[in-house]
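Peer 1: Quick one: structure below, then a few questions.
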Amino acid sequence: MTASSPVLEVEDLSIRFQERGRSLLAVRNLSFQVARGETLAIVGESGCGKSITALALLGLVPPPGRAEGKAIRLEGRNLLGLGPEALRDVRGRRIAMVFQEPMTTLNPVLTIGEQIVETIRDHEPASRREARDRALTLLERVHIPDPVRRFGEHPHRLSGGMRQRVVIAMALACNPAVLVADEPTTALDVTIQAQILDLIDELKQGGMGVVLITHDLGVVAGHAERVLVMYAGRKVEERAAADLFATPLHPYTRGLIAARPRRRVEGGERPRLVEIPGTVPSLAAMPPGCAFAPRCASATEDCTAAEPPLTSLEDGQVACLRVGDFLAPSHSLPHARLA
Ligand SMILES: Nc1ncnc2c1ncn2[C@@H]1O[C@H](COP(=O)(O)OP(=O)(O)OP(=O)(O)O)[C@@H](O)[C@H]1O
């Protein structure tokens with residue numbers, strides 16, 4: 001593999017669960033790539049398959065659920081089909097994950113320092129002293145003030161934002177090639193959210209690829225180069241972030257953008273939040289054709305007849321039968337043209 005090849009390549013990933021004797025696909029035929037130093041945001045409402053995709057990247061789909069397909073290639077190595085030992089070795093060392101709630105990762109009875117030292121020594125033959133020095137450097141890297149004092153403190157002494165910084169420090173302990181962050185800021189207040197996202201931006205300057213999972217498109221703006229929109233387990237649009245915000249193509253993406261909470265402009269009214277009507281269908285009751293059709297104001301009869309294929313654009317992909325109409329010259333969509 002070369003320096004310019006993607007650090008992570010997912011090819012035709014499906015995730016299967018068994019429920020009451022039925023086999024259900026929570027994720028279907030998902031493909032994407034992440035380059036070095038790039039953030040790919042995966043967005044969609046609750047239940048669209050974002051978290052289970054994140055878990056699959058780390059080989060953590062809870063059994064009897066199963067990830068299947070062609071490849072989850074990390075630095076050129078296919079993780080699909082690796083045994084539990086080999087996966088455990090890759091996890092933490094080459095790919096690491098940060099969850100929404102830091103206390104799910106932190107052990108309340110160990111000090112911050114002990115936990116980072118343990119993480120380092122789990123993966124590398126470092127002496128206690130070396131691991132301690134590296135832990136202190138990591139605390140500095142994630143901008144924890146007074147790291148020597150914090151090293152000896154327990155997690156409950158820290159604020160939510162500081163705890164999330166510690167979790168990120170642990171994720172970085174072995175210099176992973178890819179960081180998967182699943183709603184890393186949802187539990188935090190708005191100012192702290194921005195600081196954590198800025199920190200992730202800073203860390204990826206070193207070449208780490210980032211997969212940022214969120215239901216909130218507001219989080220994505222300014223913090224992701226590309227955006228993949230999922231609906232009912234499927235990719236429905238993938239574009240460069242700037243293009244997606246300027247000219248969203250899939251009606252679901254447009255709905256998510258309209259539903260995005262926005263701040264009030266000084267002196268003005270808070271922009272109205274437009275909810276997408278209806279809810280994400282359950283896996284056991286997928287509607288025929290396009291899964292979004294029952295909630296879509298643009299849907300026609302054709303949309304319920306067959307599932308729309310994922311169409312390539314010059315700058316990405318979209319799965320909507322009506323995309324040709326949205327791309328017509330009267331629709332001023334300057335960046336998007338069919339490839
Ligand atoms: N262990 C499991 N067993 C059966 N089905 C599951 C399991 N985990 C997830 N699913 C199903 O997979 C689908 C996708 O769930 P997932 O949690 O990935 O969605 P999400 O978009 O991340 O939503 P959220 O933001 O609420 O986590 C859902 O329909 C869910 O019911």
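Residue numbers for the sequence shown follow full-length UniProt numbering, so the first one is 1 and each next one is one higher.
Virtual Cβ for every residue (Gly too), placed ideally from N, Cα, C.
Once you ignore the five residues that flank residue 19 on each side, which residues in its own chain have a CB closer than 8 Å to its CB?
Peer 2: Taking the first residue of the sequence shown as 1, we reach residue 19 at position 19. These residues qualify, in order along the chain: 283 and 284.
Peer 1: Hey, would you say the C-beta of residue 19 is under 7 Å away from at least one heavy atom of ligand 1?
Peer 2: Translated into positions along the sequence shown, residue 19 becomes position 19. Yes, Cβ of residue 19 sits closer than 7 Å to a heavy atom of ligand 1.
Peer 1: Please identify the residue among 106, 227 and 289 whose C-alpha is closest to the C-alpha of residue 171.
Peer 2: Counting from one through the sequence shown, the residue named residue 171 turns up at place 171. Comparing Cα positions, the closest option is 106.
Peer 1: Quick check on DSSP: helix, strand or coil for residue 50?
Peer 2: As a working note, residue 50 is residue 50 in the sequence shown. In this structure, residue 50 counts as helix in the three-state DSSP scheme.
Peer 1: For a minimum of 3 consecutive residues, which ranges assigned as the beta strand (DSSP E) are wholly contained in the stretch 212 to 287?
Peer 2: As far as the stretch 212 to 287 is concerned, its whole beta strand (DSSP E) runs of at least 3 residues are 226 to 231 and 234 to 240.
Peer 1: Taking the alpha carbon of residue 32 as the reference point, which residue from 38, 120, 213 and 8 has its own alpha carbon closest?
Peer 2: Within the sequence shown, numbered from 1, the residue matching residue 32 stands at position 32. The residue with the shortest Cα to Cα distance from residue 32 is 8.
Peer 1: Are the beta-carbon atoms belonging to residue 222 and residue 36 less than 8 Å from one another?
Peer 2: As a first step, residue 222 is located in the sequence shown; it is residue number 222 there, counting from the start. As a first step, residue 36 is located in the sequence shown; it is residue number 36 there, counting from the start. Going by C-beta atoms, residue 222 is not nearer than 8 Å to residue 36.
Peer 1: Which class does residue 30 belong to by DSSP, given the choice of helix, strand or coil?
Peer 2: By 1-based counting over the sequence shown, the position of residue 30 is 30. Here residue 30 sits in strand by DSSP.
Peer 1: Do the stretch 238 to 253 and the stretch 287 to 305 touch if we need at least three Cβ pairs shorter than 8 Å?
Peer 2: These segments touch.
Peer 1: From 158, 137, 236 and 30, pick the residue whose C-alpha is nearest to that of residue 111; which is it?
Peer 2: Your numbering for residue 111 matches position 111 in the sequence shown. Here the closest residue by C-alpha is 158.
Peer 1: Closest to residue 327 by CA distance: which of 184, 248, 196 and 310 is it?
Peer 2: What you label residue 327 is simply residue 327 of the sequence shown in a count that begins at 1. Selected option, being the one with the closest Cα: 248.
Peer 1: Do you know whose CA, among 245, 246 and 274, lies nearest residue 259's CA?
Peer 2: On the sequence shown, position 259 is the one that residue 259 refers to. Ranking 245, 246 and 274 by Cα distance to residue 259 puts 274 first.
Peer 1: How long is the line joining the alpha carbons of residue 193 and residue 230, rounded to whole angstroms?
Peer 2: Along the sequence shown, one-based indexing puts residue 193 at 193. Along the sequence shown, one-based indexing puts residue 230 at 230. Distance between the alpha carbons of residue 193 and residue 230 is about 23 Å.
Peer 1: Do you know how far the Cα of residue 169 is from the Cα of residue 154?
Peer 2: Within the sequence shown, residue 154 is the residue found at index 154, counting from 1. Within the sequence shown, residue 169 is the residue found at index 169, counting from 1. Distance between the alpha carbons of residue 154 and residue 169: 15 Å.
Peer 1: Going by Cα to Cα distance, which pick from 52, 276 and 104 is closest to residue 63?
Peer 2: Residue mapping note: residue 63 aligns to position 63 of the sequence shown, counting from 1. The shortest Cα separation from residue 63 among 52, 276 and 104 belongs to 52.
Peer 1: With ligand 1 as the reference, list in chain order each residue whose Cβ lies under 5 Å from any of its heavy atoms.
Peer 2: Qualifying residues, in the order they occur: 17, 26, 46, 47, 48, 49, 50, 51, 52, 62 and 283.
Peer 1: Evaluate contact between the stretch 117 to 131 and the stretch 65 to 80, counting only Cβ atoms and requiring at least three cross-stretch pairs below 8 Å.
Peer 2: Counting Cβ pairs under 8 Å, fewer than three are found: no touch.
Peer 1: Taking residue 236 and residue 319 to be in contact with their CB atoms under 8 Å, please state how far apart those CB atoms are, rounded to whole angstroms.
Peer 2: Reading the sequence shown from its first residue, position 236 is the one you call residue 236. Reading the sequence shown from its first residue, position 319 is the one you call residue 319. Contact holds; Cβ gap of about 5 Å.
Peer 1: Shortest alpha-carbon distance to residue 57 belongs to which of 121, 201 and 14?
Peer 2: For the purposes of this step, residue 57 is taken as the residue at position 57 of the sequence shown. When only C-alpha atoms are compared, the closest one is 14.
Peer 1: Here's the rule I'm using: 16 or more other beta-carbon atoms within 10 Å means buried, otherwise exposed. How should residue 184 be labelled?
Peer 2: Reading the sequence shown from its first residue, position 184 is the one you call residue 184. So residue 184 counts as buried.
Peer 1: I'd like the span of the alpha helix (DSSP H) that includes residue 122, first residue to last.
Peer 2: As a first step, residue 122 must be located in the sequence shown, where it is residue number 122. 112 to 123 is the span of the alpha helix (DSSP H), which, as asked, contains residue 122.
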